[in-house]
Amino acid sequence: MRIVTGKKVLWLGMALVLSACSTVGNKTPDELVRQGIQRNLLHDNQFNFNGQIRLLADQDEVKKFSDKVADQALDHKTEATDSASSSESVRKKQAAKISAEANKKSYCAHDNSAEDCDKKNESLNGALSFIAQKTTIPFSGAIDIPRGKFEFVPAVRYEASNILFSIKVPVQIDIKEKMLIADVRAIKPFASVINAIFPRMDQSPKILNKPYIAKKFPERANNLPLKELILAAPKAIDDGYASYDKKAFARLSIDEAGKKIGARYRIRLNSTDEQDRVMAVAVVDSLSEQLKQSEIRETNLKAKANQLQKKDYAAIQKLLAEKREQILSDKLGKIKYDSVITDFYLDDRGRLLAMHEMYRFIFDNSRISRVHRNKTINTSLWIQFDYTSHPKFTLNQTPENTVYRNNK
3 MRIVTGKKVL
13 WLGMALVLSA
23 CSTVGNKTPD
33 ELVRQGIQRN
43 LLHDNQFNFN
53 GQIRLLADQD
63 EVKKFSDKVA
73 DQALDHKTEA
83 TDSASSSESV
93 RKKQAAKISA
103 EANKKSYCAH
113 DNSAEDCDKK
123 NESLNGALSF
133 IAQKTTIPFS
143 GAIDIPRGKF
153 EFVPAVRYEA
163 SNILFSIKVP
173 VQIDIKEKML
183 IADVRAIKPF
193 ASVINAIFPR
203 MDQSPKILNK
213 PYIAKKFPER
223 ANNLPLKELI
233 LAAPKAIDDG
243 YASYDKKAFA
253 RLSIDEAGKK
263 IGARYRIRLN
273 STDEQDRVMA
283 VAVVDSLSEQ
293 LKQSEIRETN
303 LKAKANQLQK
313 KDYAAIQKLL
323 AEKREQILSD
333 KLGKIKYDSV
343 ITDFYLDDRG
353 RLLAMHEMYR
363 FIFDNSRISR
373 VHRNKTINTS
383 LWIQFDYTSH
393 PKFTLNQTPE
403 NTVYRNNK
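Each residue of the sequence shown is one higher than the last, beginning at 3 in this note's numbering.
Here you go:
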């Protein structure tokens, strides 16, 4: 009897596993991505991560890295990789070429000699390409959504012949404590040198005499319904991804990066700055609507409406409205991007394992464009998620080892 029961349990377990795999495999590319992100936010929401950002200064570097995996980064968990990314279409390549030629002419118009202009461009672009090629921004961190804790540890690393430079500044956000914490030990020596040169700057030693600096959230943030905002975030993000055209998602074969991390599915999302702004507006609208519903529920549960709570909800709605207007008017930054490719790597259960993004930024600022002739630069971002252990936070902040900054 026990043997029969054991067999039934075994077959039942196998059936459930096969059923789950079948359900994941039958989903469309956009559904796979949305499911993976929701699982990351709602189910597997306590994890560590690591990754890397690279700057690709010219199109030759983009082409070089577009279909190549950085094996060294994948072999070391503390660093990240440059995963596969398809080359641009013929149309985009031609457009980039035309744009580069136009920018060159515009740049050269400021000089009397075209020959001198070409030499300057060649020298500057060569230097930028060399620096970008030797510079990486590895990062790691941990996320614990139920506890409202997030840690991000970025570093800037420059390595070339006979030189190695690296600096790391860990940052932690504790939503429950409403506090931002930073580890400033890496910049202490620089602050000491600056104060030796400029004696009047005598506040820095006081600030940096302990390992950590902590700053409370602004007073207005303490009264906002942050808990409700966090609860609304997963659906808002899902609504944002749902705003993309389904045709923007495509299922691709697994590349070397995907094989190394055990991915079963690789989904690509092609988008533009304009499409991403539509997505951001959808996220803001979803948050606004959910908070309205949350306010209605709280009002119905209480016999007498709390006027203070109404003010808090009104304040966050005002902030969301301002953010929506900024997105629509495209006033969030001077640096724009015309295209972005995002690859999502998922396992056979639909769990999000990694993401790779490549942005093509455009510099409208005239000073930047004069230095970098083509006015464009590409960034490659790889992030990998580790669900095998509990989140590991490196900042152990206590009142004794922390300097607290007052809000102004």
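Glycine included, each C-beta is placed from N, C-alpha and C at the ideal position.
In this structure, DSSP gives I189 a helical state, which the three-state scheme calls helix. One Cα belongs to L231, the other to I379, and the distance between them is close to 35 Å. Residue pairing from DSSP leaves D257 without any beta-bridge partner.
N380 has L58 and R362 as its beta-bridge partners, per DSSP. Shortest Cα-Cα distance from F167 to any of I175, K136 and K151 involves K136. At a Cβ-Cβ threshold of 9 Å, K338 and D332 count as neighbours. Counting other Cβ atoms within 10 Å of its Cβ, G143 reaches 16 or more and is therefore classed as buried. Taking 3 residues as the minimum length, the beta strand (DSSP E) runs contained wholly in the region 222-296 are 251-254 and 267-273, in order along the chain.
DSSP, reduced to helix, strand and coil, places P393 outside both helices and strands of the structure shown, so it counts as coil. Under a 10 Å Cβ-count criterion, S391 is classified as exposed, with fewer than 16 other Cβ atoms of the shown protein chains found around its own Cβ. Rounded to whole angstroms, P401 and R187 show a C-alpha spacing of 16 Å. Boundaries of the alpha helix (DSSP H) harbouring I39: P31 to L44, taken from the DSSP string. Beta-carbon to beta-carbon, R353 and D46 are separated by about 6 Å, close enough to satisfy the 8 Å threshold. Fewer than three beta-carbon pairs drawn from the region 292-303 and the region 266-274 are found closer than 8 Å, and the two stretches are therefore not classed as touching. In this structure, R222 lies away from A316, with their beta-carbon atoms at least 9 Å apart.
Nearest to L34 by C-alpha distance, out of E276, Y243 and F49, is Y243.
Straight-line measurement puts the Cα of F152 at about 22 Å from the Cα of Y347.
Taking the C-beta atoms as reference points, K178 is found no nearer than 9 Å to K218. Looking at the backbone, the Cα of V171 and that of A216 are separated by about 13 Å. Within the same chain, N403, T404 and V405 come within 7 Å of K212 by CB-CB distance, once the 5 residues on both sides are set aside. Judged by DSSP in its simplified three-state form, R149 adopts coil rather than helix or strand. In the DSSP secondary-structure assignment, P401 is not bridged to any residue. At least 9 Å separates the beta-carbon of D185 from that of F395.
Under the DSSP definition of a beta bridge, A144 partners with N50 and E153. For the pair K190 and F51, the Cα-to-Cα distance works out to about 27 Å.
For I177, no beta strand (DSSP E) run applies, since DSSP gives it neither H nor E. If you compare the alpha carbons of N164, I165 and P140 with that of V158, the shortest gap goes to P140. Nearest in C-alpha terms to F154, of all of Q174, N164, P148 and K29, is Q174. Under DSSP, F346 takes part in a beta bridge, and its partners are I269 and M357.
For the pair L355 and N28, the Cα-to-Cα distance works out to about 19 Å.
Beta-bridge pairing by DSSP links A162 to I165. Out of W384, Q386, Y160 and S290, the CA that lies nearest to the CA of A235 is found in S290.
Annotation for L254: R268 and R270 place their beta carbon closer than 6 Å to its own, counting only its chain and skipping 5 residues before and after. The beta-carbon distance between M357 and D345, rounded to whole angstroms, is 7 Å. This is short enough to meet the 8 Å contact definition.
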